[in-house]
Ligand code: DC
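Residue numbers (the numbering used here): 435 to 1124.
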């Protein structure tokens, strides 16, 4: 049952931005505590992950006589027991951790006492036959007391001998369990691994002075070798960073740096897949801490392409499938995940959990026995989903929620603490610039965006110099753009061009023709058939551009109907439609001096204009204005669609003057703009300023 007492509300965000250092690696933290406890002497473990899972391991060894000195939460000094532990007084609770139960079983089979390993509801359903079988071959007396070889595990003292064992499924936990038992066994233990799984145990054993021979898919360990204490620095957990890496790679305009992260190649399969999908990622290994490569990653957001993830690749990304599914849901095309049946026996049935939650977010997905097929889309609908008690499901869907049209809710998120305490704080910090002061912050990444947009434009349009001045007024919905732009046009004698009306006219026609605006292909096709014309109407002292669609001029009330209000931001998010309208908008500037209002006028349509303004007001005020105008319009939703779309999103141009119109009257804003234009030296040949 979902625990709805612990939940996370995730607000949409335009992008991920910033630097993050994730907590220590879970796999390495478990193993470091185990090996330090068995070693001779004092070991120091820095950057230990103080998550529920790893603290369970620590408590278990303390219960078996190991003395642990904690210097803060993440630095441990462990006094090892030279291979001989004390019998615990009660059953050892492994909580949610499959790693702990399976690795500890390997160690305990060789101890001279009886022990019992128990776990929480989810761990109690996970299969243990995969370790029981090889341990019994080694002579261990171990059994599972739950149905179908599930926990609790009961272990009795025994004498172990080395074995040769071919892993039937690639599993680092099974491999590590056998290696740890092999330490106490007589003779040689040889493990044949058809597909390489993560090798932290082998690397750490070496740091504790125990050599394994690793060659051609085989690992050989001589029994009876002693572990010597050492100092370990645990790298940042790649699987925790994976959520940010996936998010930053798949959300356009994101910029992320991950520091001090473990880059062991048996863990970084995610990067290869993301690169294949078109991601921009740079990797730099900065040190080797006790055998583990540590470094930094830089990730930039892009629209990604779908891919197929299957076969041998699966084992290296098994923990990353939840975030990969989310990335697939945001990519172009159908992403397919196969040969991942192992996911059915993870902390939850992850295939079922992912499929259920993707559907709740409105993503089309087909469930397969061993994976799924996901049809990607740009943004998703907000949802309330549960974690199924699985930390990685909770975190992956927090990322998808960033792309929703409004806030989503993830229930039962206490489980996140099993691997990533601090996840919510990092989520807040990395999305802060986009959800709060987004207009300010986006200025900083503008250069990057401007660069690519300029390039696109130069290839599509003749880059002719503008013969007349163009004043650009961009801003959020109902921020006062029209009132201000019209007035400026009147004062200066320029022609007023409302590009919102252009998008509205096109949307009106598509709706009138009976198309579903959500069907991108059909909407684009319908647009291509339209005949658009721009007429300049001059009345009294006011000149404005009007749009005719198939020689018809839609009425103002048709352009501002609730249906058009709802559909226009969707139509405006289609890249092909924007590209089609771009030359149409530019053309007018060769005929008239203009005041142009819209969302991308200063960034994309007239990036060369020296007269750029950006208006914004707080949401409450803007909603009030729409209401006063008697219009049914969801301002917040339209903002989000305009900000989140990947093609020419609403951004404050770097070189724009930003004006907050919450308090000042429209007249004051007009005066301010005229004043700035005057100081910029705009000389007017017509109107009152000459
Ligand atoms: O300004 P307006 O509210 O009438 O604009 C209607 C929609 O059109 C707006 O939500 C986003 C879209 N639009 C756009 O994408 N680019 C523009 N230059 C102007 C409007």
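Ideal Cβ placement from N, Cα and C applies to all residues, glycine included.
The model shown is predicted, which means the values in this text are computed figures rather than measured ones.
8 Å contact criterion, which residue i and residue j should meet: CB distance rounded
i	j	result
residue 806	residue 798	Not a contact, Cβ separation roughly 11 Å.
residue 687	residue 762	Actually they do not touch by this definition, with Cβ atoms about 20 Å apart.
residue 1114	residue 1087	Actually they are not in contact, since the Cβ atoms of residue 1114 and residue 1087 sit about 15 Å apart, beyond 8 Å.
residue 488	residue 463	4 Å
residue 717	residue 704	The Cβ separation is near 11 Å, so there is no contact.
residue 852	residue 485	6 Å
residue 953	residue 1048	Actually they do not touch by this definition, with Cβ atoms about 33 Å apart.
residue 1071	residue 840	7 Å
residue 964	residue 950	Not quite, the Cβ-Cβ distance comes to about 17 Å (not below 8 Å), so this is no contact.
residue 637	residue 725	4 Å
Contacts around residue i, its chain only, beta-carbon distance under 8 Å, and the 5 residues preceding and following it disregarded
i	result
residue 872	Here the model assigns residue 872 a pLDDT of 36, short of 50, so the residue's position is not dependable and the matter cannot be decided.
residue 719	697, 727, 728, 729
residue 454	675, 678, 690, 691, 692, 693, 860, 863, 864
residue 1040	900, 904, 906, 1020, 1023, 1030
Buried or exposed (CB count within 10 angstroms, at least 16 for buried), residue i
i	result
residue 892	Residue confidence is low: residue 892 scores 34 on pLDDT, short of 50, so the model does not pin down where it sits. No coordinate-derived value is stated.
residue 754	buried
residue 1112	exposed
residue 1101	exposed
residue 509	exposed
residue 377	Any property of residue 377 remains undetermined from this structure, which presents the chain solely from 435 to 1124.
residue 947	exposed
residue 989	exposed
residue 555	exposed
residue 831	buried
residue 545	buried
residue 631	buried
residue 672	buried
residue 540	buried
Contacts around residue i, its chain only, beta-carbon distance under 6 Å, and the 5 residues preceding and following it disregarded
i	result
residue 503	511
residue 1029	905, 919, 922, 923, 928, 930
residue 817	794, 795, 842
residue 679	733
Proximal residues to residue i (C-beta, below 7 Å), its chain only, five neighbours per side dropped
i	result
residue 1109	none
residue 789	799, 801, 806
residue 787	822, 824, 827
Range covered by the alpha helix (DSSP H) that runs through residue i
i	result
residue 756	755-764
residue 833	825-835
residue 979	Counting along the chain, residue 979 falls outside any alpha helix (DSSP H), though it belongs to the beta strand (DSSP E) covering 976-983.
residue 1125	In this structure the chain extends from 435 to 1124, so residue 1125 is not present and cannot be described.
residue 902	Taken as a continuous stretch (DSSP letters only), residue 902 belongs to no alpha helix (DSSP H), as it is neither H nor E.
residue 464	460-472
residue 792	784-794
residue 1103	1100-1113
residue 957	954-962
residue 491	486-497
residue 575	Residue 575 -> not in any alpha helix (DSSP H); beta strand (DSSP E) instead, spanning 575-578.
residue 1042	Neither: residue 1042 is in no alpha helix (DSSP H) and is coded neither H nor E.
Segment limits, beta strand (DSSP E) that includes residue i
i	result
residue 444	441-444
residue 1094	1091-1094
residue 768	768-771
residue 549	549-552
residue 727	726-734
residue 451	451-454
residue 660	Element bounds for residue 660: n/a, residue is neither H nor E.
residue 925	Segment 915-926 is the alpha helix (DSSP H) holding residue 925; no beta strand (DSSP E) there.
residue 1050	1045-1050
residue 1070	Unbroken run through residue 1070 is the alpha helix (DSSP H), 1069-1078; no beta strand (DSSP E).
residue 674	That residue, residue 674, is in no beta strand (DSSP E); its alpha helix (DSSP H) goes 672-684.
residue 477	476-480
residue 932	929-932
residue 737	Here residue 737 belongs to no beta strand (DSSP E), and DSSP marks it neither H nor E.
residue 654	652-656
Beta carbon proximity, residue i to chain C, threshold 8 Å
i	result
residue 588	No chain C is present in this structure, which holds just one protein chain.
Practice item. Report yes or no: do the stretch 738-753 and the stretch 636-655 share at least 3 C-beta pairs separated by less than 8 Å? Key: Judged by Cβ distances under 8 Å, the stretch 738-753 makes no contact with the stretch 636-655, as fewer than three pairs qualify.
Check your understanding: Per the contact definition of three or more C-beta pairs closer than 8 Å, is the stretch 914-927 in contact with the stretch 1062-1075?
Key -> Per the Cβ contact rule, the stretch 1062-1075 is not in contact with the stretch 914-927 (fewer than 3 Cβ pairs under 8 Å).
Exercise for review: State whether the stretch 655-673 contacts the stretch 631-646, with contact taken as three or more CB pairs (one from each stretch) at a distance under 8 Å.
Suggested key: By the Cβ test, the stretch 655-673 is in contact with the stretch 631-646, since at least three Cβ pairs between them sit closer than 8 Å.
Practice item. Specify whether the stretch 456-470 and the stretch 1089-1099 touch according to this definition: at least 3 beta carbon pairs, one from each stretch, less than 8 Å apart. Key: With a cut-off of 8 Å, the stretch 1089-1099 and the stretch 456-470 do not count as touching, because too few Cβ pairs lie within range.
Check your understanding: Between the stretch 574-581 and the stretch 525-532, do at least 3 Cβ pairs fall closer than 8 Å?
Key -> They do not touch, by the three-pair rule.
Review point. Looking at C-beta atoms only, is the number of pairs between the stretch 812-824 and the stretch 833-852 that lie closer than 8 Å three or more?
Key: Touching, per the Cβ criterion.
Exercise for review: Examine the Cβ distances between the stretch 621-641 and the stretch 545-562 and report whether three or more of them are shorter than 8 Å.
Suggested key: When Cβ pairs closer than 8 Å are counted between the two stretches, the stretch 621-641 is seen not to touch the stretch 545-562, the count staying below three.
Exercise for review: Taking 8 Å as the threshold, find out whether the stretch 588-606 comes into contact with the stretch 562-576 through three or more Cβ pairs.
Suggested key: Flag = yes, the stretch 588-606 and the stretch 562-576 touch.
Point to revise | Contact between the stretch 1048-1059 and the stretch 994-1002 (3+ Cβ pairs under 8 Å) | key: Cβ pair count under 8 Å is below three, so no.
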